[in-house]
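*Asks:*
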Amino acid sequence: MSDRVVLAYSGGLDTSVAVHWMGEKLGREVIAVAVDVGQGGDFEAIRQRALAAGAVEAIVVDAKDELAEEFVVPALAANALYEGRYPLVSSLSRPVIVRHLVAAARQHGATAVAHGCTGKGNDQVRFEVGTRALAPDLEILAPVRVWGMTREEAIGYAEVHDLPITISRERIYSIDANLWGRTIECGVLEDPWQAPPEDVYALSVPTSTEPVEVTIGFDSGVPVSLDGERLPVAQLIDRLQRLAGATGFGRIDMIEGRRVGIKSREVYECPAALALIAAHVDLEGLTLERDTAHEKARLEPRFSELVYDGMWFSPLREALSAFMASTQRFVTGDVRLRFAPGGGMTVVGRRSPVGLYDYKLATYDEADAFHHEDAEGFVRLFGLGVKTWAAKQGGAAAAAGAGGAAGAAGAGTSAEPGTTKGSS
Ligand code: ARG
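Quick note on numbering: our numbering labels position 130 of the sequence shown as 111, and the sequence is numbered without any gaps.
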């Protein structure tokens, strides 16, 4: 038995060529693992294609619920948006795939795992760092990064070796998809000034002309129902993707800073992800105590960066997730979203059985139960430091002609009447 390698197999040109190439050039037996993360496609056909390309074994894993429950839910708890905009579609699926590569390697006695990433992207980082974390003993092969074939040459290789591929000669876009959204790169999009042509979009093609309203129910930060119907997370996302996408909502067009130092133009469509994050943020507004909410908002960008950088399996990501999880205990309730035809979305209502909104405190009407007399002393002490500063060094001192460095020094040397008593 030659050394076995488990390859993350997508069914596309590069990974099909990789199956054959690793056999021919490296003398390896290839086990192809295709992971269903909600990208769609005929997985039996993909399995057969891997075998036809020379794989000794081809495995299909359904990881949709795993992706939704173990990766998307924690990301949603952290309102995760890389650089404030990208909901980490590809970044979240790679650690799931890594898990299954490692499991297959153990099961089939493989000594290596392989991926079909190029040297320019983030996905290679996610595959390799993830594998190092879960299985440091496994060798990692990156055939596409080392073989130096152009796309034309890879197609030529497939033709010479009679590999079944389903690709046309001109490469239009590079696409990655899963249940959290769809990423589109390359082609005309490489000119950041060019508007994306309509044909890049698949999940956010507007078909409805009426506004659509949906209610998302959350239970401790987890989206659990849509318009009152309880659904497993993966199904809820899928349902919402269709509803929101049909209004044209969910598009992102951005220049992004990759981990490897390249700025790239990225187009995403993530109707469900953006809608759920907006709803979740809003419900946190109602249910999270102020200091906790503010601290959480400071940690969210760090969480997103770590996940983007391939550090899902890392102590800091786990620690941040533990913090996020502890904040989610009371993030329970409903949020109403309204999608306008043409891609606009607004949160129009929210409610929670454990919300911190207290009508009797907030109202300006008769029901008002707020102690107005408490405000006076509170505000006076709150502003005391600034008042002192203003008198000695700032605005009031300057207005009194004592401004500037000389004035400030002067104020420090002569005691002012009325400010010397300790009781003020
Ligand atoms: N820029 C995004 C990211 O790094 C999308 C990557 C898409 N991956 C792909 N193999 N097409 O997460």
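No residue lacks a Cβ here, since even glycine has one placed at the ideal position from N, Cα and C.
None of the values given here were measured: they were computed from a predicted structure.
Sorted by chain position, which residues of the same chain lie with C-beta nearer than 8 Å to Leu212's C-beta, five sequence neighbours on each side aside?
*Replies:* Same-chain partners within the cutoff: Val205, Ser206 and Arg220.
*Asks:* Taking the DSSP output, what are the residues bridged to Glu47?
*Replies:* For Glu47, which the question treats as bridged, DSSP gives no partner whatsoever.
*Asks:* Which of helix, strand or coil does DSSP assign to Met130?
*Replies:* Met130 falls in the coil class under three-state DSSP.
*Asks:* If you measure between the beta carbons of Leu48 and Val77, is that distance less than 8 Å?
*Replies:* Taking 8 Å as the Cβ cut-off, Leu48 and Val77 qualify as a contacting pair.
*Asks:* Within its chain, find whatever has a CB closer than 8 Å to the CB of Ala227; leave out the 5 residues flanking it on each side and keep chain order.
*Replies:* For Ala227, where only same-chain residues beyond five positions count, the Cβ hits under 8 Å are Val186, Pro187, Thr188, Ser189 and Val193.
*Asks:* With a floor of 3 residues, list each beta strand (DSSP E) that falls wholly inside the region 72 to 138, ordered by position along the chain.
*Replies:* With a minimum length of 3 residues, the continuous beta strand (DSSP E) runs that stay inside the region 72 to 138 are 93 to 95 and 120 to 122.
*Asks:* For Asn103, is the beta carbon positioned less than 7 Å from some heavy atom of the ligand ARG?
*Replies:* Yes.
*Asks:* Locate the alpha helix (DSSP H) running through Leu287, then write down its first and last residues.
*Replies:* Arg271 to Tyr289 is the extent of the alpha helix (DSSP H) around Leu287.
*Asks:* From the DSSP output, which residues share a beta bridge with Leu217?
*Replies:* Leu217 is not bridged to any residue.
*Asks:* Taking DSSP as the reference, what is the three-state secondary structure of Thr434?
*Replies:* Given a span of -18 to 405 for the chain in the structure shown, any question on residue 434 remains unanswerable.
*Asks:* Is Leu170 buried or exposed, if buried means 16 or more other CB atoms sit within 10 Å of its CB?
*Replies:* Classification for Leu170: buried.
*Asks:* Are the region 135 to 146 and the region 158 to 165 in contact at 8 Å, needing three or more beta carbon pairs?
*Replies:* Touching, no, given that fewer than three Cβ pairs across the two stretches are closer than 8 Å.
*Asks:* Pairs of beta-carbons, one from the region 279 to 286 and one from the region 17 to 31, closer than 8 Å: are there three or more?
*Replies:* Because the criterion of three Cβ pairs below 8 Å is not met, the region 279 to 286 and the region 17 to 31 do not touch.
*Asks:* Between the Cα of Ala253 and those of Val0, Ile40, Gly324 and Thr308, spot the shortest distance and give me the residue it belongs to.
*Replies:* Answer by Cα proximity: Gly324.
*Asks:* Checking 8 Å against the spacing of the C-beta atoms, do Gly291 and Val110 come in under that value?
*Replies:* Result yes, Cβ atoms of Gly291 and Val110 sit closer than 8 Å.
*Asks:* Measure from the C-beta of Gln29 to each C-beta in chain D and report whether the shortest distance is under 8 Å.
*Replies:* The question asks about chain D, but that chain is absent: this structure has only one protein chain.
*Asks:* Nearest to Leu115 by alpha carbon, out of His81, Ile218 and His96?
*Replies:* For the residues His81, Ile218 and His96, the minimum Cα distance to Leu115 belongs to His81.
*Asks:* Whole-angstrom Cβ separation of Ile258 and Leu73, contact assumed at under 8 Å?
*Replies:* That pair is no contact at about 13 Å.
*Asks:* Can you find a heavy atom of the ligand ARG that lies under 7 Å from the Cβ of Asp157?
*Replies:* Yes, the ligand ARG has a heavy atom inside 7 Å of this Cβ.
*Asks:* Along the chain, where does the alpha helix (DSSP H) containing Leu7 start, and where does it finish?
*Replies:* That run of the alpha helix (DSSP H) goes Leu(-6) to Leu7.
*Asks:* Using DSSP with H/G/I as helix, E/B as strand and the rest coil, what is Tyr(-10)?
*Replies:* Reduced to three states, the DSSP call for Tyr(-10) is coil.
*Asks:* Any heavy atom of the ligand ARG within a distance shorter than 7 Å of the CB on Thr308?
*Replies:* Not so, every heavy atom of the ligand ARG lies at least 7 Å from the Cβ.
*Asks:* Unbroken beta strand (DSSP E) runs of length 3 or more, entirely within the region 285 to 363: which are they?
*Replies:* Within the region 285 to 363, the complete beta strand (DSSP E) runs of at least 3 residues are 314 to 321 and 325 to 332.
*Asks:* Under three-state DSSP, which class holds Arg232?
*Replies:* Here Arg232 sits in strand by DSSP.
*Asks:* For the region 94 to 108 against the region -16 to -5, are there 3 or more C-beta pairs whose distance is under 8 Å?
*Replies:* Yes: at least three Cβ pairs fall under 8 Å.
*Asks:* How is the beta strand (DSSP E) around Val11 delimited, first residue to last?
*Replies:* Per DSSP, Val11 belongs to the beta strand (DSSP E) from Glu10 to Asp17.
*Asks:* Need the endpoints of the alpha helix (DSSP H) that Asp263 sits in, please.
*Replies:* First-last of the alpha helix (DSSP H) with Asp263: Pro252 to Thr268.
*Asks:* Rounded to whole angstroms, what's the CA-CA distance from Ala390 to Gly366? Just pull it up for me.
*Replies:* Bear in mind that a pLDDT of 46 at Ala390, under 50, signals an unreliable position, so the model cannot answer this.
*Asks:* In its own chain, which residues sit with a C-beta less than 8 Å from the C-beta of Trp2, not counting the 5 before and 5 after it?
*Replies:* If we look at Trp2 and ignore the five residues flanking it on each side, its Cβ neighbours are Pro124, Trp128 and Tyr138.
*Asks:* Using a threshold of 8 Å, state whether the C-beta atoms of Ile12 and Val53 are closer than that.
*Replies:* The answer is no: Cβ separation not under 8 Å.
*Asks:* Quick check: does the Cβ of Glu237 come within less than 7 Å of any heavy atom belonging to the ligand ARG?
*Replies:* Under cutoff, so the answer is yes.
*Asks:* Assuming Phe199 contacts His261 under a Cβ cut-off of 8 Å, what Cβ separation, rounded to an integer in Å, is found between them?
*Replies:* About 7 Å separates the two Cβ atoms, so the contact holds.
*Asks:* Output yes or no for whether 8 Å exceeds the beta carbon distance between Val203 and Leu264.
*Replies:* No, these two residues do not count as a Cβ contact at 8 Å.
*Asks:* Ser201: beta carbon under 7 Å from a heavy atom of the ligand ARG?
*Replies:* Result no, Cβ not under 7 Å from the ligand ARG.
*Asks:* Starting from Leu207, follow its DSSP beta bridges and name the residues at the other end.
*Replies:* Answer is Ile197 and Glu210.
*Asks:* The beta strand (DSSP E) spanning Arg239 covers which residue range?
*Replies:* Counting along the chain, Arg239 falls outside any beta strand (DSSP E), and DSSP gives it neither H nor E.
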